[in-house]
Amino acid sequence: MIEDLALPFMQNALVAALLAAVCCGIVGTLVVANRMVFLAGGAAHAAYGGVGLAYFLALPVLPVTVVFTVAAALAMAAITLRHIEDTDTVIGVLWAAGMAFGIILLDLTPGYKPDLMSYLFGSIITVPTADLYALAGLNLLLLVTTLRHYNGFVAMAFDREFAAVRGVPVGFLHCLLTALAAVAVVLLIRVAGLILIIALLSVAPSLAVRRSASLWRAMVWASLLNAVFCLAGLLLAYQFNLTSGAAIIAVAATVFFISLAPGLARWRRGA
């Protein structure tokens, strides 16, 4: 294992894992604290539509998918702001419609067609260097944006109605967070795949939010936990010849359910 770390693809995989951990630690904490995990998942699956549209129009995949996914995410955000009671239904419909749109366009595309499973599970072992620069730029953008609007995000997470009364631009921050999550999803889709992105956006941040006294501490802990999950998963995948994305998710899920054990034990004693 130590000798293989000298290989360029292994070094890229480790750097990608750490960058993805920080990215999902920041965005995921904001998403979990504002109870928007399902919205982020909807944006993630809507990205399929952008992939299909790019191949159908024979255009570069990344910019087309970014524009399509951000547009779909903002549409979800706008609808859910106005129709809170129908949030789950609206996101579920757009989630499915985005995937169906992408698959149909790929079916109609002549010639070479990409394997959609690669977008579902990703391939962190084959990350090109160019993607690392894009992820580093995304992390910088997330840090600057979070620092700029930190107090607003905290107020929105605590009590949206009270924050709006106090003049916090809740609608703008809601849409901004949704757009950031969408961009993160698109840039991570080839690295981690949709399923792993959702896991990194939800598992570690949920553990961190429940055990942190402030939002910034939760972001730090979520980033560290995601890093541990990614590195442990990569190690397991290397040792036992497993799919890296699935191994990382298995580690994260195991830790999550272990963390629930004390609460379940207290619940059973109380029952």
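Here the working numbering is used: the first residue of the sequence shown is 40, the next is one more, and so on.
By construction, the Cβ of each residue, glycine as well, lies at the ideal position given by its N, Cα and C atoms.
What you are looking at is a predicted structure, and each value in this text was computed from that prediction instead of being measured.
Three-pair Cβ contact test at 8 angstroms for the region 231 to 246 versus the region 69 to 80: Yes, the region 231 to 246 touches the region 69 to 80.
Backbone CA spacing between residue 172 and residue 284 [nearest angstrom]: For the purposes of this step, residue 172 is taken as the residue at position 133 of the sequence shown. For the purposes of this step, residue 284 is taken as the residue at position 245 of the sequence shown. Distance between residue 172 and residue 284, taken at the CA atoms: about 21 angstroms.
Rounded separation between residue 204 and residue 48 - CA only: The count along the sequence shown starts at 1 and reaches residue 204 at position 165. The count along the sequence shown starts at 1 and reaches residue 48 at position 9. Rounded to the nearest angstrom, the two C-alpha atoms are 51 angstroms apart.
Length at least 4, wholly inside the region 93 to 163: the alpha helix (DSSP H) runs in chain order: Within the region 93 to 163, complete alpha helix (DSSP H) segments of at least 4 residues are found at 100 to 121, 126 to 147, 155 to 160, given in chain order.
Validate contact between the region 212 to 230 and the region 56 to 67 using beta carbons, cut 8 angstroms, 3 pairs: Cβ pair count under 8 angstroms is three or more, so yes.
Whether residue 230 touches residue 164 by CB criterion (7 angstroms): Counting from one through the sequence shown, the residue named residue 230 turns up at place 191. Counting from one through the sequence shown, the residue named residue 164 turns up at place 125. For the pair residue 230 and residue 164, the CB atoms are not nearer than the 7 angstroms cut-off.
Residue 206 - DSSP class collapsed to helix/strand/coil: Translated into positions along the sequence shown, residue 206 becomes position 167. Coil, per DSSP.
DSSP state of residue 170 mapped onto helix, strand, coil: Within the sequence shown, numbered from 1, the residue matching residue 170 stands at position 131. Reduced to three states, the DSSP call for residue 170 is helix.
Whole-angstrom distance between residue 293 and residue 228, CA atom to CA atom: What you label residue 228 is simply residue 189 of the sequence shown in a count that begins at 1. What you label residue 293 is simply residue 254 of the sequence shown in a count that begins at 1. Their backbone Cα atoms lie some 23 angstroms apart in a straight line.
Assigned secondary structure, residue 217 (DSSP; H/G/I helix, E/B strand, else coil): Here the question's residue 217 lines up with position 178 in the sequence shown. Secondary structure of residue 217 (DSSP, three-state): helix.
Nearest-angstrom Cβ-Cβ length linking residue 264 and residue 192, presumed shorter than 8 angstroms: On the sequence shown, residue 264 is found 225 positions in, with the first residue counted as 1. On the sequence shown, residue 192 is found 153 positions in, with the first residue counted as 1. 20 angstroms between Cβ atoms; not a contact.
7 angstroms Cβ cutoff met for residue 269 and residue 116: As a working note, residue 269 is residue 230 in the sequence shown. As a working note, residue 116 is residue 77 in the sequence shown. It is not a contact, given that the beta carbons lie outside the stated cut-off.
Inter-residue Cα distance where the pair is residue 81 and residue 201: Working through the sequence shown from its first residue, we reach residue 81 at position 42. Working through the sequence shown from its first residue, we reach residue 201 at position 162. Spanning the two alpha carbons is a distance of roughly 27 angstroms.
Per-residue DSSP class, three states only, for residue 74: The residue labelled residue 74 in the question sits at position 35 within the sequence shown. The DSSP-derived three-state label of residue 74 is coil.
Close Cβ partners of residue 261 (< 7 angstroms) along its chain, the five nearest in sequence each way excluded: Counted from its first residue, the sequence shown places residue 261 at position 222. Scanning its chain for C-beta atoms nearer than 7 angstroms, with the 5 sequence neighbours on each side dropped, one finds around residue 261 the residues 64, 67, 68, 243, 244, 247, in chain order.
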